[in-house]
Amino acid sequence: MPDIKLTRPLDDTPALSRADRVYYALRDEIFDMQLLPGDRLTEGAIAERFAVSRTPAREALQRLQSDGLMRGYVRGGWEVAPIDNKRFDDLYEMRQMIETFAVRKLCDEAAQSVELHLLLDALDRVWKVRRAQRITDGGTLVGLDEALHHALVAAAGNDELTATMQRVTDRIRVVRRLDLVQGDGIADTYDEHAAILDAIRAGDATTSVRLVSQHIGGSQSSVRGLTMQRLLAARTETGPDVSGHAPARLRRTI
Numbered sequence: 007m008p009d010i011k012l013t014r015p016l017d018d019t020p021a022l023s024r025a026d027r028v029y030y031a032l033r034d035e036i037f038d039m040q041l042l043p044g045d046r047l048t049e050g051a052i053a054e055r056f057a058v059s060r061t062p063a064r065e066a067l068q069r070l071q072s073d074g075l076m077r078g079y080v081r082g083g084w085e086v087a088p089i090d091n092k093r094f095d096d097l098y099e100m101r102q103m104i105e106t107f108a109v110r111k112l113c114d115e116a117a118q119s120v121e122l123h124l125l126l127d128a129l130d131r132v133w134k135v136r137r138a139q140r141i142t143d144g145g146t147l148v149g150l151d152e153a154l155h156h157a158l159v160a161a162a163g164n165d166e167l168t169a170t171m172q173r174v175t176d177r178i179r180v181v182r183r184l185d186l187v188q189g190d191g192i193a194d195t196y197d198e199h200a201a202i203l204d205a206i207r208a209g210d211a212t213t214s215v216r217l218v219s220q221h222i223g224g225s226q227s228s229v230r231g232l233t234m235q236r237l238l239a240a241r242t243e244t245g246p247d248v249s250g251h252a253p254a255r256l257r258r259t260i
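Going by the working numbering, the first residue of the sequence shown is number 7, and it counts up by one from there.
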């Protein structure tokens, strides 16, 4: 049965290389909106901040670039990837293709798969709870939301699709987190997840695909109107600015 817990490597894990340590720290700051789209960094400042040479700093930034979270420009300068609505639309389309395939396959297996029903039971305990028991912290809910979607895709048994789903999730996490932190998506997320789980348990492929498509489309519509002002407001709500110890920002693109 797929693990429904979402974990991240710890900064103090001995096995992490210098480049890994820088990578995970910067990635988390982007996900937590402490570094925002358009913020500019330099390799030298990153190296100084983390007490490493420029080589692991560059490796970490290049890895973030491959994740679609950072982009380089000139002379060791880097920029947190700006909001690109076309790119996010493409990623949401990929997500919809992967997840509708997965739930259709799960519905075909629902009648005879004991393991699937155990997974659905575990997910029910998270999402089918009374309103008073619902988690209202958007940051925590993002992790639970991702865990549900990944558990369903992983349960379909296609390792390549599961890996692709992870890459898509990493690229949309910033805007998805904003939807749950600042938007009105928390109650809808609980209700929609519960309905999806019920449809899969019943083996109703048509309803499952429709509900998943509507669920993903609703999230996509919510983030399409994303603005820098909303991002700045989210940073204020989700924690202190790291600008006091983050690398110098040469400018902010708005």
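Just so you know, even glycine gets a beta-carbon here, dropped at the ideal spot from N, CA and C.
Count the other CB atoms within 10 Å of the CB of alanine 117; is the residue buried (16 or more) or exposed (fewer)? exposed
For methionine 39, the three-state DSSP class (helix, strand or coil): coil
Reduced DSSP secondary structure (H/G/I, E/B, other) of leucine 22: coil
At least one CB of chain B closer than 8 Å to the CB of threonine 195: is that the case? In the structure shown, chain B cannot be found, because there is only a single protein chain.
Where arginine 77 falls: helix, strand or coil (DSSP): strand
Short of 6 Å in beta carbon distance, which residues of its chain neighbour histidine 100, apart from the five on each side in sequence? Order them along the chain. According to the sequence as given, residue 100 is methionine; it is not histidine. So the list reads Val174, once near-sequence residues are dropped.
Coarse secondary structure for glycine 224, derived from DSSP in three states: helix
Taking the alpha carbon of asparagine 164 as the reference point, which residue from Asp143, Glu121, Ala108 has its own alpha carbon closest? Ala108
How many Å lie between serine 219 and threonine 106 at the Cα? 7 Å
Spell out the partners DSSP gives glycine 83 in its beta bridges. Thr48
Can the beta-carbon of leucine 41 be found closer than 8 Å to that of valine 86? yes
Under a three-way DSSP split, which group does asparagine 164 fall into? coil
Taking buried to mean at least 16 other C-beta atoms within 10 Å of its own C-beta, is serine 59 buried or exposed? exposed
Looking at the secondary structure, which residues open and close the alpha helix (DSSP H) in which lysine 111 lies? 91-115
Over the uninterrupted alpha helix (DSSP H) stretch that includes alanine 138, give me the two end residues. Segment: none, alanine 138 is in no alpha helix (DSSP H) and carries neither H nor E.
Please work out which residues of its chain come closer than 8 Å, Cβ to Cβ, to glycine 209, disregarding the five sequence neighbours upstream and downstream, and give them in chain order. Cys113, Asp114, Ala116, Ala117
Closest by C-alpha distance to valine 215, when choosing among Leu203, Asp26, Val120: Leu203
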